[in-house]
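Everything in the sequence shown is counted per the working numbering, starting at 1 for the first residue and increasing by one.
Cβ atoms here follow ideal geometry from the backbone N, Cα and C, with glycine treated the same way.
Note that the coordinates shown come from a computational prediction; the quantities given were computed from them, not determined experimentally.
Input: a single structure, listed below in structure tokens.
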Amino acid sequence: MKPAVICIGSTDWEGMNHRPHHMMRGLASRGWQVVYVNPPMTWLSPIKERSLLGKWSTQWSHATVEPDITVLQAPVVAPFGSMWPGSNIWNQHRIVRAIEGLREELGIEAYVLYTLLPGSVDLLPLLGGDVRVVYDCVDDHAEFTGLIVKEYVREQERGLAEQADAVLSTSGKLQRRLQPFNENVYLLPNGVHVGHFAPTPDLRERGAVWKHQLGAEVVIGFVGGIANWIDLEILAGIARLRPQYTLALVGPVLTALGELERLPNVRVLGQKPYADLPAILQAFDVGLSPFVLNDLTESVNPVKVYEYLAASLEVVATPMAELLPMSDAIHFGSTPEEFVRELDGILDGTGNKPESVRHQIALDNSWDHRIAETDRILRGICSDTRRQNGDHRRDPGGRPVESFATADQ
1 MKPAVICIGS
11 TDWEGMNHRP
21 HHMMRGLASR
31 GWQVVYVNPP
41 MTWLSPIKER
51 SLLGKWSTQW
61 SHATVEPDIT
71 VLQAPVVAPF
81 GSMWPGSNIW
91 NQHRIVRAIE
101 GLREELGIEA
111 YVLYTLLPGS
121 VDLLPLLGGD
131 VRVVYDCVDD
141 HAEFTGLIVK
151 EYVREQERGL
161 AEQADAVLST
171 SGKLQRRLQP
181 FNENVYLLPN
191 GVHVGHFAPT
201 PDLRERGAVW
211 KHQLGAEVVI
221 GFVGGIANWI
231 DLEILAGIAR
241 LRPQYTLALV
251 GPVLTALGEL
261 ERLPNVRVLG
271 QKPYADLPAI
281 LQAFDVGLSP
291 FVLNDLTESV
301 NPVKVYEYLA
311 ASLEVVATPM
321 AELLPMSDAI
331 HFGSTPEEFV
341 RELDGILDGT
351 GNKPESVRHQ
361 IALDNSWDHR
371 IAETDRILRG
381 ICSDTRRQNG
391 DHRRDPGGRP
401 VESFATADQ
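In structure tokens:
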């Protein structure tokens, strides 16, 4: 029987391709049976985003979406799971009902629970079967804004890290923060499918067509989610200082854009299919990564930069901790004026970084390498007989966890 992994996802499988998509597809190609659990919406979510109403009708359902990958739609849960323990415990009891039902249907007895969410700490004592646990930490979750209590999220994460068989971290800061709680904390940054983004004559031609349709001579581009961790003032400043450049923003808009979307040389193009991104990047003259510098982004290892480098693009970024070691391949700026200075040098040919260096960094950070290492770690913990079934069924303080009844049990 194939080894199995149940992934508690942080983003919907049907949305943008993020780290868990690449990891789970890669593991499936290496012989794993994958169950991907879409993150649940709360009862309050449709008030803010009406498009989420469809999740009411799909909750509890599942479908095989790719070979050896089944996507499970989590049930609707209560709000405030990152603020109040009672809410999160109740939510995890609902989620485990969905997981256990599908696990029984698929005949999965031994598996790895691979979670990206600190709240899964309250899921661990509820799981049946022979389970190993991996926590893949991709963000400093306590630094997000919104309906969270920072100290409580830190407590969740500590408990999860302490009980995990292995912890993966995407940045040095995350690794250092989690090492006191687990002796098996691996540094495993994000990556890129180099072959997907590497320029070819066909991609260049499609990129030229896309650029022509945009009506632009010079395209300064950004790909990714446009949220409050992106420095909109830098983007707006670039557009104002260089009206002859077209600023193309490709990705879902998750925050108010304000003045930025009203500038005449800014194109807000929305999310595009992953299959189309290689051609779109060939339409860019330069790729941007203008993250706000704060406690949250200090831990971020941005996928988009690896994709730009694989596409052979020059990159201008804010000086994030994870990018500074790549200074031989990346240009840095902290203000609109500094970004424009770097852009001008790239476009007039006086300030270019070596293409060979950009290409080598992309090769060194391929998803193939990351997936191979993850596969090795998962198979290693599955073969470790020291962890017996039931070891995860305790709360972070070591006490047996009592059953928590649900209203619809």
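Distance, residue j Cα to residue i Cα
i: Val71; j: Ile377; result: 23 Å
i: Asp285; j: Glu104; result: 51 Å
i: Ala208; j: Ala248; result: 14 Å
i: Ile346; j: Ala275; result: 27 Å
i: Leu281; j: Leu178; result: 35 Å
i: Ile133; j: Gly15; result: Note that residue 133 corresponds to Val in the displayed sequence, not to Ile. About 25 Å.
i: Leu296; j: Trp60; result: 33 Å
i: Gly159; j: Val192; result: 31 Å
i: Lys150; j: Ala142; result: 5 Å
i: Gln409; j: Trp84; result: Note that Gln409 scores 24 on pLDDT, short of 50, meaning its location in the model is unreliable; the coordinates nonetheless yield the value given after this. Using only the alpha carbons, I get a separation of about 21 Å.
i: Asn265; j: Glu307; result: 24 Å
i: Tyr111; j: Pro79; result: 29 Å
i: Ser289; j: Gly221; result: 9 Å
i: Asp202; j: Pro278; result: 10 Å
i: Gly86; j: Arg154; result: 16 Å
i: Val37; j: Arg242; result: 44 Å
i: Ser334; j: Leu235; result: 11 Å
i: Asp375; j: Cys382; result: 11 Å
i: Leu119; j: Gly81; result: Strictly speaking, residue 119 in this sequence is Gly, with Leu absent from that position. Roughly 7 Å between the two C-alpha positions.
i: Val219; j: Pro75; result: 42 Å
i: Val77; j: Asn88; result: 9 Å
i: Thr42; j: Ala362; result: 38 Å
i: Pro39; j: Gln73; result: 8 Å
i: Leu254; j: Glu373; result: 33 Å
i: His196; j: Lys272; result: 15 Å
i: Asn190; j: Asn17; result: 12 Å
i: Ala405; j: Asn91; result: Reliability of the predicted coordinates at Ala405 is poor, the pLDDT of 23 falling under 50, and the value obtained from them is presented with this limitation in mind. Looking at the two C-alpha atoms, the distance is approximately 11 Å.
i: Ser45; j: Gly270; result: 21 Å
CB of residue i within 9 Å of CB of residue j, strictly
i: Met24; j: Ile95; result: no
i: Ser171; j: Ser366; result: no
i: Pro336; j: Glu233; result: yes
i: Ile8; j: Leu174; result: no
i: Ile238; j: Val305; result: no
i: Ile230; j: Phe181; result: no
i: Leu116; j: Asp140; result: no
i: Pro319; j: Leu293; result: yes
i: Val315; j: Arg358; result: yes
i: Val194; j: Leu106; result: no
i: Ile330; j: Arg30; result: no
i: Ala198; j: Ser312; result: yes
i: Asp130; j: Asp384; result: no
i: Trp32; j: Pro3; result: yes
i: Val138; j: Ala161; result: no
i: Arg267; j: Ala216; result: yes
i: Gly287; j: Val223; result: yes
i: Gly225; j: Gly258; result: no
Reduced DSSP secondary structure (H/G/I, E/B, other) of residue i
i: Phe144; result: coil
i: Asp414; result: The structure shown does not extend to residue 414, since the chain is modelled only from 1 to 409, so the question has no answer here.
i: Ser171; result: coil
i: Ala310; result: helix
i: Gly225; result: coil
i: Met1; result: coil
Where the beta strand (DSSP E) containing residue i begins and where it ends
i: Ile361; result: First-last for Ile361: 355-364, but that is the alpha helix (DSSP H), not the beta strand (DSSP E).
i: Ala4; result: 4-8
i: Asn352; result: Run containing Asn352: none; DSSP gives neither H nor E here.
i: Asn301; result: First-last for Asn301: undefined, no H or E at that position.
Start-to-end residues for the alpha helix (DSSP H) that takes in residue i
i: Trp374; result: For the record, residue 374 in the displayed sequence is Thr; it is not Trp. 367-382 is the extent of the alpha helix (DSSP H) around Thr374.
i: Ala161; result: 150-163
i: Leu241; result: 232-241
i: Glu342; result: 336-347
i: Ala28; result: 19-29
i: Met45; result: The sequence given here has Ser at residue 45, not Met. Residues 45-48.
Proximity test, residue i beta-carbon vs the ligand ADP heavy atom, cut-off 8 Å
i: Gly31; result: Questions concerning the ligand ADP fall outside what the structure shown contains, since it holds no ligand whatsoever.
Subject >> Whole runs of the beta strand (DSSP E) within the stretch 51-131, excluding any shorter than 3 residues >> reply: You should have 62-66, 69-73, 110-115.
Subject >> Whole runs of the alpha helix (DSSP H) within the stretch 175-223, excluding any shorter than 4 residues >> reply: If you keep only unbroken alpha helix (DSSP H) runs of at least 4 residues inside the stretch 175-223, you get 194-197, 201-214.
**OP:** Output the residue ranges of the beta strand (DSSP E) runs that lie fully inside the stretch 227-299 and measure 3 residues or longer, sorted by chain position.
**Re:** DSSP runs (the beta strand (DSSP E)) wholly in the stretch 227-299: 246-250, 266-270, 286-289.
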